[in-house]
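Letter by letter, the sequence shown follows residues 91 to 376 in this note's numbering.
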Amino acid sequence: MRGILLAGGTGSRLWPITKSVSKHLMPVHDKPMIFYPLSTLLNIGIREILVITAPTDRTLFHRLLGDGSQWGLRLEYAVQPEPEGIAQALTIGEDFLGGLSSALILGDNLFHGMDFGSWVRSGVELAGGHVFAYPVDRPSDYGVVELDADGRVLSLQEKPAQPRSRYAVPGLYFYDTEVTKIARTLRPSPRGELEITAINDYYLRERTLRVTVMDRGSVWLDMGTVADMVRASEYVRVVEERQNIKVGCIEEAAWRAGFIDDAQLRTLAQPLMSSGYGEYLLRLLG
């Protein structure tokens with residue numbers, strides 16, 4: 091399985107602070123926003139990842155992340171010329187996926203406390219699509235999934251005025267090898283976008299869409315507005331200070347996944363000592 095991290099868009103909901111820099115490079119507590127979804131992919135066990143950016147931001151992302159080899163990864167880059175929908179990432183990334191199954195994650199989503207990758211690491215072949223459901227206060231802001239009493243999917247809606255449930259679909263999606271073919275058949279919605287809900291609805295009609303309600307106690311935060319970023323920063327700060335762990339730490343995720351060894355982690359820690367970040371990495375080694 092290969093990963094796609096979609097970090098395009100204009101960040102217009104955060105203007106004027108994002109008029110000169112991508113929101114995905116902005117700080118959420120002590121790390122750039124993109125570290126959080128990237129670490130999620132690493133926690134799943136994915137080390138080949140395509141980062142999709144807006145055309146003007148590609149150089150900045152490469153400066154931050156490089157080719158990923160320092161973390162035992164293979165990072166490649168592509169651009170989304172215009173923000174024409176989440177599903178567009180799957181057509182942009184078709185060559186990168188190379189006929190393999192995929193995990194698509196949005197660059198402004200933070201996940202914590204749930205092991206998404208246990209079934210991926212188990213070696214079970216993915217057939218169809220697999221998405222998640224999370225209860226929210228304002229489901230009309232998101233794609234919404236309606237479930238029956240037994241957890242079966244009844245319907246999917248994209249930002250509905252009258253939601254049929256309070257379960258939103260977070261920005262992490264797993265698909266089989268057919269997804270790029272499906273994405274190529276999509277037409278823009280009335281919003282002018284290639285909707286990811288249309289992909290999920292296709293798998294639903296084929297009866298191959300699996301939806302898992304996220305564990306109680308797990309956390310999903312969308313960081314798309316100023317208020318959302320503040321909440322995410324405060325969440326990360328509280329968890330890190332009270333539990334003495336880091337959320338979204340790329341170096342730790344790579345080390346725990348076995349992508350780098352102790353010596354490589356120690357090398358990564360050295361330039362980060364003055365901020366305290368490096369001290370945390372060294373403490374992991376005991």
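Where a beta carbon is used, it is the ideal one built from N, C-alpha and C, also for glycine. A quick note: this is a predicted structure, and the numbers were derived from the prediction, not measured.
Per DSSP, the unbroken alpha helix (DSSP H) holding Trp345 starts and ends at 340 to 346.
Apart from sequence neighbours up to five positions away, the residues of its chain that approach Leu154 with a beta-carbon distance below 8 Å are Leu115, Pro122, Ile124, ordered along the chain. DSSP, read as helix, strand or coil, puts Tyr167 in strand.
By the Cβ criterion, the stretch 274 to 285 is in contact with the stretch 177 to 192, since at least three pairs of Cβ atoms, one from each stretch, lie closer than 8 Å. If you draw a straight line from the Cα of Gly98 to the Cα of Glu172, it is about 8 Å long.
Per DSSP, the beta bridge partners of Glu248 are Gly233. Looking only at Gly282, Pro361, Ile94, the smallest Cα-Cα distance to Glu174 is reached by Gly282.
In the structure shown, Asn199 falls within a strand segment according to DSSP collapsed to helix, strand and coil. Counting other Cβ atoms within 10 Å of its Cβ, Leu194 reaches 16 or more and is therefore classed as buried.
Of Trp161, Gly219, Pro225, Gly93, the smallest CA-CA separation from Tyr167 is found for Gly93.
For Leu237, the CB contacts under 8 Å within the same chain, skipping 5 residues up- and downstream, are Ala223, Val243, Leu244, Ser255, Tyr257, Val301, Val303 in chain order. With contact defined as three or more Cβ pairs closer than 8 Å, the stretch 127 to 135 and the stretch 339 to 348 are in contact.
Between the alpha carbons of Gln247 and Phe206 lies a gap of roughly 23 Å.
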